[in-house]
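Everything in the sequence shown is counted per my numbering, starting at 36 for the first residue and increasing by one.
Cβ coordinates follow ideal geometry from the N, Cα and C atoms, glycine included.
Computed from a prediction, not measured in an experiment: that's the story for all the values here.
First the structure, in the form of structure tokens, and then the observations on it.
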Amino acid sequence: MPRGGARNFAKHACHRRKCRTRLPFPRRCRRGKSLQQGIIVLNTKGTEGGVEELVGVVSKEMEAEGASIGDVQDLGRRKFAYTSNHMESGHYVNYSFTAEPSSLEKIKGRLRLNNQVHLQYFQRKS
36 MPRGGARNFA KHACHRRKCR TRLPFPRRCR RGKSLQQGII VLNTKGTEGG VEELVGVVSK
96 EMEAEGASIG DVQDLGRRKF AYTSNHMESG HYVNYSFTAE PSSLEKIKGR LRLNNQVHLQ
156 YFQRKS
């Protein structure tokens, strides 16, 4: 290690502008589909259909953007810690799916336009 504690990092083999990961040795970026987990809170106020119909609509929107849905867990209705947009509770659904990293932003944008989706949180599963 050089003096001063600075380490020499090599550039990526892909040289993409969006990739900002610094590696201590040259290696290609991980591209391709990765396993993701998304928790979606549904707003069921004013809906004519059931919760199962809303879960199906959300999964179809995710599949339209390139995700392949693996497992869907209905976590039930839970109360919020504080009122959010005049809502005291929401219906939580956990989706496990595989998708490209670029299509995850498209999924987030598409679900943002859906009025029945109150909150969404995604993370990569290892």
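Given residue i as reference, the closest of the options once Cα atoms are compared
{"i": "Q151", "options": "K68, M122, Y117 and E140", "result": "M122"}
{"i": "V107", "options": "P136, V86 and V90", "result": "V90"}
{"i": "R113", "options": "G85, E135, N78 and R145", "result": "N78"}
Residue burial classification, residue i (beta-carbon count within 10 angstroms, cutoff 16)
{"i": "E99", "result": "Sequence inspection shows Ala at residue 99; the Glu mentioned does not correspond to that position. With fewer than 16 other Cβ atoms within 10 Å, it is exposed."}
{"i": "Q71", "result": "buried"}
{"i": "Y130", "result": "buried"}
{"i": "G73", "result": "buried"}
{"i": "R147", "result": "exposed"}
Beta-carbon gap between residue i and residue j smaller than 8 Å
{"i": "L139", "j": "V128", "result": "no"}
{"i": "H153", "j": "V92", "result": "no"}
{"i": "F115", "j": "G105", "result": "no"}
{"i": "S203", "j": "T118", "result": "Residue 203 is absent from the model: the chain starts at 36 and stops at 161."}
{"i": "Q155", "j": "K143", "result": "yes"}
Inside the stretch 66-150 only - beta strand (DSSP E) runs reaching at least 3 residues: Whole beta strand (DSSP E) segments, 3+ residues: 69-77, 103-119 and 122-134.
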